[in-house]
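S.K.: For the sequence shown, our numbering begins at 566 and goes up steadily by one.
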Amino acid sequence: MILRALRPFAVARIPIRCKPKPTFRSRPCCRTLVSAAQVQFGQPIHETHPHLIAPGDLTPGIPALEYHYRRAALAEKLPKNSIAVLAANELKYKSGAVFYEYHQDPNFFYLTGFNEPDALAIIEKGSSPVEYTFHLHLRAKDPKSELWDGARSGLQAAQDIFNADEARDIASSSTTSTLRDLIASAKEVYTDIGTDVGRRSSVAKLVQGKGTGVEGFQSLLASSTVRPLRPLMNDLRIIKSSSELTNLRCAGAISGEVLTAAMSRPQTSEAQLWADLSYGYRSAGLDGEAYVPVVAGGKNGLIIHYTRNDALLRDGETVLVDAGGAYGGYIADITRVFPVNGRFSEAQRELYAMVLGVQKKVIALCRESSGTSLDGLHSTTESLLTSGLKDLGFDLSSSGLDVLFPHHVGHFIGLDVHDAPGYPRTGKLKEGMCVTVEPGIYVPDDERWPKQFRGLAVRVEDSVVVGEKAEEVLTGSAIKEVDEIEGLRG
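1. Out of curiosity, what's the CA-to-CA distance linking Ile627 and Val791?
2. Just to confirm, is the Cβ distance from Val1025 to Val902 under 8 Å?
3. Out of Asp1048, Leu939 and Gln913, which one is the CA nearest neighbour of Ile1006?
4. For the beta strand (DSSP E) that contains Lys659, what are its first and last residues?
5. Helix or strand or just coil, what does DSSP make of Pro671?
6. Below 8 Å between beta carbons: does that hold for Leu544 and Val923?
7. In three-state terms, what does DSSP make of Ile610?
8. Check Cys594 in the structure and name its three-state DSSP category.
9. Hey, out of Ser806, Asp841, Phe959 and Arg733, whose CA is closest to Tyr895's CA?
10. Mind checking Glu854: buried by the 16 CB within 10 Å criterion, or exposed?
11. For the segment 687 to 705 and the segment 644 to 653, state whether three or more C-beta atom pairs, one from each stretch, are separated by less than 8 Å.
12. Assuming Asn906 and Asp880 make a contact with CB atoms under 8 Å, what is their CB distance in whole Å?
13. Would you call the segment 982 to 992 and the segment 958 to 966 touching, i.e. three or more CB-CB distances under 8 Å?
14. For the beta strand (DSSP E) holding Thr951, just list the boundary residues, first then last.
15. Where does Asp898 fall in DSSP's three states?
16. With distances taken between CB atoms, is the gap from Asn728 to His614 smaller than 8 Å?
17. Give me, in chain order, the residues of the same chain whose beta-carbon lies closer than 6 Å to that of His700; leave out the 5 immediate sequence neighbours on both sides.
18. Should Ile758 be flagged as near chain B, meaning a C-beta pair shorter than 8 Å?
19. Within this structure, are the beta carbons of Ser935 and Gly992 separated by less than 8 Å?
20. Can you pull the DSSP bridge partners for Val886?
21. Can you give the Cα-Cα distance for Val859 and Tyr697, rounded to whole angstroms?
22. Please specify which runs of the beta strand (DSSP E), each continuous and at least 3 residues long, are wholly inside the segment 777 to 865, giving them in chain order.
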C-alpha cells in the first residue's frame, strides 16, 4: 500500500466551521506494501520528486490535507443529499498525435490536486455539514499506453496518494452506472459540465449546431435539479490560504526578477525578449509561462492582447511587456513599459510617470479597511487618469477617456490569470484576496490627441494581496520607477 501522509498545517481562512479528519471508506483491508519511490505516477509526488514536492505536500506548496479541507468546505456549501460533479480537462491536440502541454481544469485541480486528463471527480455530501465522499474516476494503469504516453497514477494511487474514498476506471461501465446511481439519489446536482457552449468558435458552432458535446452526461441529468457549481467554487477560491499565498509570492518574486533582468539587456526583437522571459521562468524554478505574453514594441502596444510578438524593436520606441510565470499552478501577472534604447523621451517619460503615479495611489487602496471594491478601484483610477491626462493637455470630451483607457483596472488572480470568473467586482475587497492593478493609456495615432503622445502605449501592472490594513505587492521585484529603469544599463 502506498501511503500518503496527511500532516497538520495552518490553513488561512478556509470557510468551514470545523475541520473533520479524513475518512477513507472503501480501501481494501489487505494490500501489498510497495514503496512509492518504486512506482511511476502521472505527476510528481514527494517520493519520486523530492526536489519538487516537500514531505506532506500533494502538489508544489500545497499539503495533501489542504485539499481535504477544500472538499470539506465545498461539502458544507452543498445542500443535504446533493453532489458536485467536475470533469478534468481533455488533452488538446495540435494535429495527429502532436499534443499541447496539458493544463488541468482549475476547479478540478483546486479540489483534487490531480493533474491528469480523462478523470471525473464527484463530491457526495455526507450526513454532517462537512462530511463527504470523494469519488475519483480516472485512467487505470496500462503498461502499453504508458510506454507511449508516460505514466498514469492509476486506481490504487487515487486512494493512497489523492485520498479518494472511491476509485474506478473511467473507461469501465461501472463509471456510468455509479454516476447514474449518484445522480438519481441526489436531491440536487452541482456541475458546470457542458455550460461553456457560448465560448466555442464559429466553426465549432456551425459543425456541432446547438449541441453541447456532452449530451450523454446531460441525459443522465434529465430528471435532476441541476445547479451551477462555479459560484460555490468562486466563494472558496477567492480568499487565498497561507499556502496559496506562499506560491503566489514565489511566482511573483521570480517573475519580477526575470523581467528586470530582461529589461537590463539590449533587446532587438519581440521574439528574443519573449524567449528570454520563457527561459528565465523555467531556469529559475517556475512551472513556465502563466499565459501567452504580450511583448509589444511601439504601436503594437495599442493592441491590448497583442501576442504575435514577431516584430523588431526600434530605437526611440518603448516596449510593453505583459508577462508572468507560475508556480504550483499559481500565477503572476506583471506589465512593464521600458525604452528600447534605455532612455525615455520627454513625452514617454511624462505619460509613463503619470500612469505610474496613478497605479501607486490605487495600489494603496488594496486593503480591507478601505471599504472599496474592484469597481471602486476602477472608478478611482478613472478619476485620477482624467486629472493626469488633462494636465498633459488631453481633451477628454466625447468619451475621450473610454478611448484611451478601454479596460478595467484589475481582476482577481490565483490558479487562473482571471481567477474566480464571474465573481462580482462590486463586492468589497477582503483580506486574502489577490488582485491586479493595471491602469493603462493607449493613445491612437490621430489628430485628436496631443502630437507628442500619439502612438504611445503605457500600462503598469502588479499583482497585489489585499491585507486588512495594508497591501502586499507580490511583483515588486520588477522595477518600475523611471530612474531605476534608466539606471539598468548605466
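For each residue, glycine too, the CB sits at the ideal point set by N, CA and C.
It should be emphasised that the depicted structure is a prediction, and the values quoted were computed from it without experimental measurement.
M.R.: In short, the structure shows the following:
1. In the sequence shown, residue 627 corresponds to position 62, counting from 1. In the sequence shown, residue 791 corresponds to position 226, counting from 1. Going by the C-alpha atoms only, they are around 31 Å apart.
2. The count along the sequence shown starts at 1 and reaches residue 1025 at position 460. The count along the sequence shown starts at 1 and reaches residue 902 at position 337. Against a cut-off of 8 Å, the Cβ pair of Val902 and Val1025 comes out as a contact.
3. For this step, residue 1006 is matched to residue 441 along the sequence shown. Among Asp1048, Leu939 and Gln913, the Cα nearest to that of Ile1006 is on Gln913.
4. As a first step, residue 659 must be located in the sequence shown, where it is residue number 94. Element bounds for Lys659: Tyr658 to Ser660.
5. As a first step, residue 671 must be located in the sequence shown, where it is residue number 106. It is helical.
6. With the chain covering only 566 through 1055, there is no way to say anything about residue 544.
7. Numbered from its first residue, the sequence shown carries residue 610 at position 45. Three-state result, Ile610: coil.
8. Counting from one through the sequence shown, the residue named residue 594 turns up at place 29. With a pLDDT of only 45 at Cys594, under the threshold of 50, the placement of this residue in the model should not be trusted; the figure read from the coordinates follows. Of the three classes helix, strand and coil, the one that applies to Cys594 here is coil, per DSSP.
9. Numbered from 1 along the sequence shown, position 330 holds the residue referred to as residue 895. Comparing Cα positions, the closest option is Ser806.
10. Locating residue 854 in the sequence shown gives position 289, where the first residue counts as 1. Counting Cβ neighbours within 10 Å, Glu854 comes out buried, since at least 16 surround it.
11. yes
12. For this step, residue 906 is matched to residue 341 along the sequence shown. For this step, residue 880 is matched to residue 315 along the sequence shown. With a Cβ gap of about 5 Å, Asn906 and Asp880 count as contacting.
13. no
14. For the purposes of this step, residue 951 is taken as the residue at position 386 of the sequence shown. That residue, Thr951, is in no beta strand (DSSP E); its alpha helix (DSSP H) goes Leu939 to Asp956.
15. Taking the sequence shown and counting its residues from 1, one reaches residue 898 at position 333. In the structure shown, Asp898 sits in coil (DSSP, three-state: anything other than H, G, I, E or B).
16. Residue mapping note: residue 728 aligns to position 163 of the sequence shown, counting from 1. Residue mapping note: residue 614 aligns to position 49 of the sequence shown, counting from 1. Cβ distance not < 8 Å, so Asn728 and His614 don't count as in contact.
17. Taking the sequence shown and counting its residues from 1, the one referred to as residue 700 is at position 135. The residues are Ile687 and Glu731.
18. The displayed structure is made up of one protein chain only, and chain B is not part of it.
19. For the purposes of this step, residue 935 is taken as the residue at position 370 of the sequence shown. For the purposes of this step, residue 992 is taken as the residue at position 427 of the sequence shown. No.
20. For the purposes of this step, residue 886 is taken as the residue at position 321 of the sequence shown. Beta-bridge pairing links Val886 to Val860 and Arg901.
21. For this step, residue 859 is matched to residue 294 along the sequence shown. For this step, residue 697 is matched to residue 132 along the sequence shown. Cα-Cα distance, rounded: 43 Å.
22. 859 to 862
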